[in-house]
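Contents: one structure, followed by commentary.
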Amino acid sequence: MSEDLSAQDLMAAFGISLEEEAADEYRGVMVVAESGDGGISPASLGALGFGREIADAFGARLVALLAGGDEVLAGALIRRGADVALLADAPAQYDPTTWAEALTSAIQSHKPEVVLLGGSDIARDLAPRVAQRLLTGLIAGAREIRPEADERIVVGIVPLFEGRLWGEFACPEKRPQMIYLAEGAGRIAAEDASRQGEIERL
Amino acid sequence: MDFTFSEEHEMLRDMTRKFVENEIKPLARQIDEQEQIPPELMAKMREQGFFGIPFSEDYGGVGAGETGYCVVLEEMGRGSASVAVVLAAHTSIGCMAIYLDGTEEQKKKYLPALCSGEKIAAFALTEPGAGSDAAAISTSAVPDGDDYILNGSKIYITNGDIADVISVFAVTDKALGARGGVTAFIVESDMPGFSRGPKERKMGIRGSGTCELYFKDMRVPKENVIGKVGFGFVTAMKTLDVGRLSLGGACVGACKELIDLSIQHASQRVQFGEPIIRKQAIQWMLAEMAAETFAVESMVYRAAWMCDHGLKVSRESAIVKMYASEALDRVVDKAVQIHGGIGYMQDYPIEMFYRDARINRIFEGTNEVQRMVVASDLTRKGRY
Amino acid sequence: MRIAICIKPVPDLSTAYVSKSRVELVEQGKEVANPADENAVELALSLRQEGDELIAFTVGADTAADALRRALAMGVERAHLVDDPVAQGGDGLADANVLAAAIKHAGPFDLVVCGARSVVHDAGQVAGRLAEALGMAHATRVTSATVNGGKVTIERAGSLGAAELPLPAVLAVEPGCNTPRLPNAMAVMKAARKPLEHVTVSDLGLAAEEVGEAGAAVRLRLMQLPES
Numbered sequence: 061m062s063e064d065l066s067a068q069d070l071m072a073a074f075g076i077s078l079e080e081e082a083a084d085e086y087r088g089v090m091v092v093a094e095s096g097d098g099g100i101s102p103a104s105l106g107a108l109g110f111g112r113e114i115a116d117a118f119g120a121r122l123v124a125l126l127a128g129g130d131e132v133l134a135g136a137l138i139r140r141g142a143d144v145a146l147l148a149d150a151p152a153q154y155d156p157t158t159w160a161e162a163l164t165s166a167i168q169s170h171k172p173e174v175v176l177l178g179g180s181d182i183a184r185d186l187a188p189r190v191a192q193r194l195l196t197g198l199i200a201g202a203r204e205i206r207p208e209a210d211e212r213i214v215v216g217i218v219p220l221f222e223g224r225l226w227g228e229f230a231c232p233e234k235r236p237q238m239i240y241l242a243e244g245a246g247r248i249a250a251e252d253a254s255r256q257g258e259i260e261r262l
Numbered sequence: 168m169d170f171t172f173s174e175e176h177e178m179l180r181d182m183t184r185k186f187v188e189n190e191i192k193p194l195a196r197q198i199d200e201q202e203q204i205p206p207e208l209m210a211k212m213r214e215q216g217f218f219g220i221p222f223s224e225d226y227g228g229v230g231a232g233e234t235g236y237c238v239v240l241e242e243m244g245r246g247s248a249s250v251a252v253v254l255a256a257h258t259s260i261g262c263m264a265i266y267l268d269g270t271e272e273q274k275k276k277y278l279p280a281l282c283s284g285e286k287i288a289a290f291a292l293t294e295p296g297a298g299s300d301a302a303a304i305s306t307s308a309v310p311d312g313d314d315y316i317l318n319g320s321k322i323y324i325t326n327g328d329i330a331d332v333i334s335v336f337a338v339t340d341k342a343l344g345a346r347g348g349v350t351a352f353i354v355e356s357d358m359p360g361f362s363r364g365p366k367e368r369k370m371g372i373r374g375s376g377t378c379e380l381y382f383k384d385m386r387v388p389k390e391n392v393i394g395k396v397g398f399g400f401v402t403a404m405k406t407l408d409v410g411r412l413s414l415g416g417a418c419v420g421a422c423k424e425l426i427d428l429s430i431q432h433a434s435q436r437v438q439f440g441e442p443i444i445r446k447q448a449i450q451w452m453l454a455e456m457a458a459e460t461f462a463v464e465s466m467v468y469r470a471a472w473m474c475d476h477g478l479k480v481s482r483e484s485a486i487v488k489m490y491a492s493e494a495l496d497r498v499v500d501k502a503v504q505i506h507g508g509i510g511y512m513q514d515y516p517i518e519m520f521y522r523d524a525r526i527n528r529i530f531e532g533t534n535e536v537q538r539m540v541v542a543s544d545l546t547r548k549g550r551y
Numbered sequence: 008m009r010i011a012i013c014i015k016p017v018p019d020l021s022t023a024y025v026s027k028s029r030v031e032l033v034e035q036g037k038e039v040a041n042p043a044d045e046n047a048v049e050l051a052l053s054l055r056q057e058g059d060e061l062i063a064f065t066v067g068a069d070t071a072a073d074a075l076r077r078a079l080a081m082g083v084e085r086a087h088l089v090d091d092p093v094a095q096g097g098d099g100l101a102d103a104n105v106l107a108a109a110i111k112h113a114g115p116f117d118l119v120v121c122g123a124r125s126v127v128h129d130a131g132q133v134a135g136r137l138a139e140a141l142g143m144a145h146a147t148r149v150t151s152a153t154v155n156g157g158k159v160t161i162e163r164a165g166s167l168g169a170a171e172l173p174l175p176a177v178l179a180v181e182p183g184c185n186t187p188r189l190p191n192a193m194a195v196m197k198a199a200r201k202p203l204e205h206v207t208v209s210d211l212g213l214a215a216e217e218v219g220e221a222g223a224a225v226r227l228r229l230m231q232l233p234e235s
C-alpha cells in the first residue's frame, strides 16, 4: 500500500479519465454567423450550409455563434440547419476585440473540432487573430470543403496562384480546424421551419 | 565560366523593364511621329539615373560598368530605338571620349552634369566629306594664344540638336593627317561661333535628333583638348571600340521584343483552321529568330565582360556591331512577315522596329568599316 | 517611428506556367516580392518622417533575397532574412511564429505592415496572427493611413470602412491601393550591394516544433487543376 498514487489514479478517483478527455476533447462544428440588414449574412448562411454537411458527415452537432442577443436571428440559424444557436454577449456590429474574445471563449467552452467562417471582410479580420491565440491552423479562402469522416478532418479547396491551380489543404492534428471561405463560396440550405434546436447564451 | 548576371544587373534590368513598360512603350509611337522625346520623359529618365549608367560613382555615374549599361540599353531597345539611340549617343560615345581620355580636371568638370543628364553629350567626327573615311576630316583647329580656333562643320550628329557638351575632332596638323594631325576637343554649345543646323528627317529613329553642327571661328580653350594634341584619332577609335558594343545591347532587346510580339500574334492569328504558330513555316522563322538572338546576346555580354575586365575589345566590338545589326535586320524582316499585313501598318509597332533597325548597319561606323577592322586584325595577327 | 515590413517571396506569375501533366506551377526565373507587399512598402515609405527607421523581414530561402532587395531599393533601410532551412515550409501559424519572433528580436516597432493577401493564396492570415503574437491592434485591406500622435487612422477596401487604431498596430495593405515607387539606378546599385542580416531560428529562441514544416498546422495534401 506504499505505492504512490499516479495522477491518473487520482483523477480516476474523481471520475475524470485523462485519455477519454483527450480523445473526446474536440467535437462538433461551429460556424460564426454575421448579421446585417435584419438578417443573417449570405456569406454566413453559405458557411452554415457547409457546416451542416460537415456535421452530418461527422455525426456531430452544429453550433452557430452569433454576436448580440437577437433570438429572432437565432431562430433563423436553427431553421437553416444549426442544432444550437449560441448567442455571445458582444455587439451585433463587428468589433474586433469583443468578437475575438467571444469566439475564443466559445471555442474554449464548446471545443468544436471545426470552426467555419463565411467569405467576408469580418472573417478575414477575425479568424487569423483567433487562430493565433489558440495556436491552431487556419485554411484561408476555401472555395469548397470536403469532410473526411474517417479522419474527422475537413479538406479545404483553395484557389492558388490567381486561380491557376487548386490546393487541397487540411489541418490534421491541431484543433480546432479553422476555415474561412472565399468570397461567394458556401451553400445556403433551404429554410426548414420544422427544425428544432437550442438557444444558448455564452 | 560563370554566365550569370550579378544581382546589380538583374535589379537594373528589372527596374529598366518596368520603366520602359510604364513610361516609354506608351509613348513610342508619339515619339516617332512627333520626332521628339517629350521633355517630361527626359526628366523622368534623369531621375532614374539613366544618363550615367556605366561611369564610376567618383564622377557621378551609377557604376554599373559596360555590362550593366548593355542590360539597360537592351531593355530600352525593347521599347523605343529612338530613346535607346539618344541615350547611347550621349553615353557610349558622347561622354565616353572624356571618360576614357580626359584629364581628372576635365572629368570632374564635365562628367557629373552629364551623368545626371542635366547636360547631354554628343560625338562629332563625321563630316560631309568624311564618313567611313574618317581620316579625311577637314574641320580645322588652329592654336591662338591659350585657345584653338575651330572652323568647319560636322554632319549627321546624333543628339546634335540638344547636346550641351560635344566631343569634336578637328585637324591640328594637315600634313600629318590621321597619324598625329587630329585632336579631340570638348566643345560646349554656348561657345561663341557654335551653331546647329535643322534636324534631319529620317527613315527611322525619328525621335532622336540628327543634325549638322557648325563652328565659325569658335574659340576652344587649350584645357579642353581631350588626351594629347595630335592623338585625337586614337581617342576616336578607343571611344568607338567601346561605343559599338552597346549598340549590340539595344539590338538584343529589339530582337527579343520582336520574337515575343511575333509569338503573340502567331498564337492568335487563325488561318486555315488553326493559329499560324502551328504551321512549320512560322515555327522555323521563330526558331531562326531565336538562334540569331541567342548568338547576338551571347556575344554582346561576352564582349561587355571583356570590357569590364580591362581587356581590349576592338575586334570583338567590331564583330558585335556588324553581326548584331545584320542579325536584327534579319529578325525584324521575319517579324514583319509573320505579322503579314498588320506588320506593315502604323497601328502596330512592327513597322517602326523595321524602319528603326536599318540605321544600325550604317552609323557608328558602317558595317563595311567594321569588316575592315576585323580583317585588318586577322591579317595582322595571321590567325584568329 | 520604427516600421517593420513583412515581405513574402512568391513565384513570378508573369513568367511561371502550370504544367498540366505534373499539376504544378513551373517557375521560370527568380522569386519576386508579393505585389501587395510592395504596396505595403510604399505605404510605409509614405508615412516615413525624418529619423524613422524601416526594416523589412522575410522568411524564405536565399532565393528570397532578391525580393527583399527590391524593398531596400525602394528606400527601406535594412533587411532581415530568416533563411534558416528549419524555418522553411511553414504554414500561416509557423510563419507567423517566426516573423513575430524576428520582429520582436529587432523591436520595438510602432507599425508593422504587410500585404493583405498574396498571389499564392489570395487570402491572407499573417496580419491578424502577427497582431495577436505581438500584442498589437490590427486591420486588414488597408488602402491608406495617417499617423497622428499615438494613433493611426486608416481607410479600408471592402465592407469595414475607415477606423482609428492605437499604435502599435499591424496593417495589412490592400493590393493595388498605391503605386510602388520605382527605384532609380543609384538606389538599385546600393540595394544590390547591401548586406542582408541573416537570422537563424536559434537566434530567435524558437523551438524546432514551432517553425517550418514541423510547426505547420495546415498541410497541402494535393494539387488539382481547376475545374472549368
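Protein chains in written order, with our numbering: chain A, 61 to 262; chain B, 168 to 551; chain C, 8 to 235. Positions of the beta carbon are idealized from the N, C-alpha and C atoms, including for glycine.
**OP:** Express the C-alpha separation of Arg9 of chain C and Gly197 of chain A in angstroms, rounding to a whole number.
**Re:** The residue you call residue 197 of chain A lines up with position 137 of the first sequence. The residue you call residue 9 of chain C lines up with position 2 of the third sequence. If you take the alpha carbons of Gly197 of chain A and Arg9 of chain C, they lie about 30 Å apart.
**OP:** Establish whether the CB of Pro233 of chain C and some CB of chain A are separated by less than 7 Å.
**Re:** Along the third sequence, one-based indexing puts residue 233 of chain C at 226. Yes, Pro233 of chain C lies at the interface with chain A (some Cβ there is under 7 Å from its Cβ).
Original post:
Can you give the Cα-Cα distance for Tyr323 of chain B and Phe352 of chain B, rounded to whole angstroms?
Top reply: In the second sequence, residue 323 of chain B corresponds to position 156, counting from 1. In the second sequence, residue 352 of chain B corresponds to position 185, counting from 1. Roughly 18 Å separates the two Cα atoms.
Original post:
When we look at the beta-carbon of Trp451 of chain B and count the other beta-carbons within 10 Å, is it buried (16 or more) or exposed?
Top reply: Translated into positions along the second sequence, residue 451 of chain B becomes position 284. Exposed, since its Cβ has fewer than 16 Cβ neighbours within 10 Å.
Subject >> Same chain, Cβ closer than 8 Å to Arg235 of chain A, five either side skipped, listed in chain order >> reply: Start at 1 with the first residue of the first sequence, and residue 235 of chain A comes out as number 175. Correct list, in chain order: Glu85, Tyr86, Lys171, Glu173 and Thr196.
Original post:
Is the distance from the Cβ of Phe116 of chain C to the Cβ of Ala11 of chain C below 7 Å?
Top reply: Residue 116 of chain C sits at position 109 when you count from the first residue of the third sequence. Residue 11 of chain C sits at position 4 when you count from the first residue of the third sequence. A contact, by the Cβ cut-off of 7 Å.
Subject >> Sub-7 Å separation of Ala491 of chain B and Val536 of chain B beta-carbons >> reply: As a first step, residue 491 of chain B is located in the second sequence; it is residue number 324 there, counting from the start. As a first step, residue 536 of chain B is located in the second sequence; it is residue number 369 there, counting from the start. In terms of Cβ geometry, Ala491 of chain B and Val536 of chain B do not form a close pair [threshold 7 Å].
Subject >> Residue environment, Gln203 of chain B, which counts as buried when at least 16 other CB atoms sit within 10 Å >> reply: The sequence position of residue 203 of chain B within the second sequence is 36, counting from 1. Label assigned to Gln203 of chain B: buried.
Original post:
So Glu161 of chain A is in the beta strand (DSSP E); what residue range does that whole segment cover?
Top reply: Here residue 161 of chain A is taken as the residue at index 101 of the first sequence, counted from 1. Per DSSP, Glu161 of chain A lies in no beta strand (DSSP E) segment; the continuous alpha helix (DSSP H) that holds it begins and ends at Pro156 to His170.
Subject >> Any C-beta of chain C under 7 Å from that of Leu274 of chain A >> reply: Outside the displayed span of chain A (61 to 262) sits residue 274 of chain A, for which this structure offers no information.
Subject >> Straight-line gap, Glu174 of chain B to Leu412 of chain B (C-alpha atoms, nearest Å) >> reply: Position 7 of the second sequence holds residue 174 of chain B. Position 245 of the second sequence holds residue 412 of chain B. Taking the CA atoms as reference points, Glu174 of chain B sits about 22 Å from Leu412 of chain B.
Subject >> Contact set for Ala83 of chain A: own chain, Cβ-Cβ below 7 Å, skip 5 residues either direction >> reply: In the first sequence, residue 83 of chain A corresponds to position 23, counting from 1. Any reading at Ala83 of chain A needs caution, since the residue's pLDDT is 41, under 50, leaving its predicted position unreliable; the model's value is listed next. Counting only Cβ-Cβ distances below 7 Å, and skipping sequence neighbours, we find nothing.
Subject >> Three-state secondary structure (DSSP) of Gln56 of chain C >> reply: Walking along the third sequence from the start, residue 56 of chain C turns up at place 49. In this structure, Gln56 of chain C counts as coil in the three-state DSSP scheme.
Original post:
In chain B, what lies closer than 7 Å to Pro190 of chain C by C-beta?
Top reply: In the third sequence, the residue the question calls residue 190 of chain C occupies position 183. Met182, listed in chain order.
Original post:
Can you name the residues that DSSP bridges to Glu162 of chain C?
Top reply: The residue labelled residue 162 of chain C in the question sits at position 155 within the third sequence. Answer by DSSP bridge pairing, in chain order: C:Ser151.
**OP:** Kindly list, in the order they appear in chain C, the residues whose Cβ is closer than 9 Å to that of Met178 of chain B.
**Re:** The residue you call residue 178 of chain B lines up with position 11 of the second sequence. The contacting residues are Asp73, Arg76, Arg77, Ala80, Pro190, Val195, Met196, Ala198 and Ala199.
**OP:** Could you pull out every residue in the same chain whose Cβ sits closer than 8 Å to the Cβ of Met512 of chain B, ignoring the five residues on either side in sequence?
**Re:** In the second sequence, the residue the question calls residue 512 of chain B occupies position 345. Answer for Met512 of chain B: Glu518, listed in chain order.
Subject >> Between the CA atoms of Gly298 of chain B and Asp44 of chain C - distance to the nearest angstrom >> reply: Translated into positions along the third sequence, residue 44 of chain C becomes position 37. Translated into positions along the second sequence, residue 298 of chain B becomes position 131. Going by the C-alpha atoms only, they are around 54 Å apart.
**OP:** Tell whether a beta-carbon distance below 7 Å holds between Ile161 of chain C and Val180 of chain C.
**Re:** Position 154 of the third sequence, counting from 1, holds the residue named residue 161 of chain C. Position 173 of the third sequence, counting from 1, holds the residue named residue 180 of chain C. Contact flag unset, no.
Original post:
Quick one: Cα of Ser429 of chain B to Cα of Phe221 of chain A, how far?
Top reply: By one-based count along the second sequence, residue 429 of chain B stands at place 262. By one-based count along the first sequence, residue 221 of chain A stands at place 161. C-alpha separation (whole angstroms): 27 Å.
Original post:
For Ala251 of chain B versus Gly244 of chain B, is the C-beta spacing smaller than 7 Å?
Top reply: Translated into the one-based positions of the second sequence, residue 251 of chain B becomes position 84. Translated into the one-based positions of the second sequence, residue 244 of chain B becomes position 77. Between Ala251 of chain B and Gly244 of chain B, the CB-CB gap stays under 7 Å.
Original post:
Can you tell me the Cα-Cα spacing of Ala248 of chain B and Asp523 of chain B, whole angstroms?
Top reply: Position 81 of the second sequence, counted from the start, is the residue given in the question as residue 248 of chain B. Position 356 of the second sequence, counted from the start, is the residue given in the question as residue 523 of chain B. Their Cα atoms are separated by approximately 6 Å.
**OP:** Following the continuous alpha helix (DSSP H) through Met164 of chain B, name the residue where it begins and the one where it ends.
**Re:** No answer is possible for residue 164 of chain B: it lies beyond the span of chain B, which begins at 168 and ends at 551.
Original post:
Which of helix, strand or coil does DSSP assign to Leu137 of chain C?
Top reply: Numbered from its first residue, the third sequence carries residue 137 of chain C at position 130. Helix, per DSSP.
Subject >> chain C contact for Lys185 of chain B (CB, 7 Å cutoff) >> reply: As a working note, residue 185 of chain B is residue 18 in the second sequence. Judged by the 7 Å Cβ criterion, Lys185 of chain B is in contact with chain C.
**OP:** Output the boundary residues of the beta strand (DSSP E) element that contains Phe290 of chain B.
**Re:** Residue numbering aside, residue 290 of chain B sits at position 123 when the second sequence is read from its first letter. Counting along the chain, the beta strand (DSSP E) containing Phe290 of chain B begins and ends at Ala288 to Ala291.
Subject >> Assigned exposure category for Thr234 of chain B - 16 Cβ within 10 Å defines buried >> reply: The sequence position of residue 234 of chain B within the second sequence is 67, counting from 1. So Thr234 of chain B ends up on the buried side.
Original post:
Counting pairs of Cβ atoms below 8 Å between the region 308-325 of chain B and the region 375-384 of chain B, do you hit three or more?
Top reply: yes
Subject >> Sheet register partners of His87 of chain C (DSSP bridge) >> reply: Counting from 1 along the third sequence, the entry for residue 87 of chain C is found at position 80. BP columns for His87 of chain C point to C:Phe64 and C:Glu204.
**OP:** Using a Cβ-Cβ cut-off of less than 7 Å, give me the residues of the region 197-220 of chain B that come near chain C, in sequence order.
**Re:** For the region 197-220 of chain B, the residues whose beta carbon sits under 7 Å from a beta carbon of chain C are, in order, Glu214, Gln215, Gly216, Phe217 and Ile220.
**OP:** Tell me whether the beta-carbon of Glu531 of chain B lies closer than 7 Å to the beta-carbon of Leu414 of chain B.
**Re:** Taking the first residue of the second sequence as position 1, residue 531 of chain B is located at position 364. Taking the first residue of the second sequence as position 1, residue 414 of chain B is located at position 247. The answer is yes: Cβ separation under 7 Å.
**OP:** Find out if the Cβ-Cβ distance for the pair Gly179 of chain A, Leu241 of chain A is shorter than 7 Å.
**Re:** Residue 179 of chain A sits at position 119 when you count from the first residue of the first sequence. Residue 241 of chain A sits at position 181 when you count from the first residue of the first sequence. A contact, by the Cβ cut-off of 7 Å.
Original post:
Can you find a CB in chain C that lies within less than 7 Å of the CB of Trp225 of chain A?
Top reply: Residue mapping note: residue 225 of chain A aligns to position 165 of the first sequence, counting from 1. Here the sequence assigns Leu to residue 225 of chain A, which means Trp is not the residue at that position. It does; some Cβ of chain C falls within 7 Å.
**OP:** Please go through the same chain and pick out, in chain order, the residues whose beta-carbon is closer than 8 Å to the beta-carbon of Gly360 of chain B, but skip the five residues on each side of it.
**Re:** Translated into the one-based positions of the second sequence, residue 360 of chain B becomes position 193. If we look at Gly360 of chain B and ignore the five residues flanking it on each side, its Cβ neighbours are Leu317, Phe382, Lys383, Asp384, Met385 and Arg386.
**OP:** Would you list the one or two residues that DSSP bridges to Ser209 of chain C?
**Re:** Counting from one through the third sequence, the residue named residue 209 of chain C turns up at place 202. Note: Ser209 of chain C sits in no beta bridge, so no partner.
Original post:
Cα-Cα, which of C:Ala199, C:Ala72 and C:Cys13 is closest to Ala51 of chain C?
Top reply: Residue mapping note: residue 51 of chain C aligns to position 44 of the third sequence, counting from 1. When the alpha-carbon of Ala51 of chain C is set against those of C:Ala199, C:Ala72 and C:Cys13, the nearest one is in C:Cys13.
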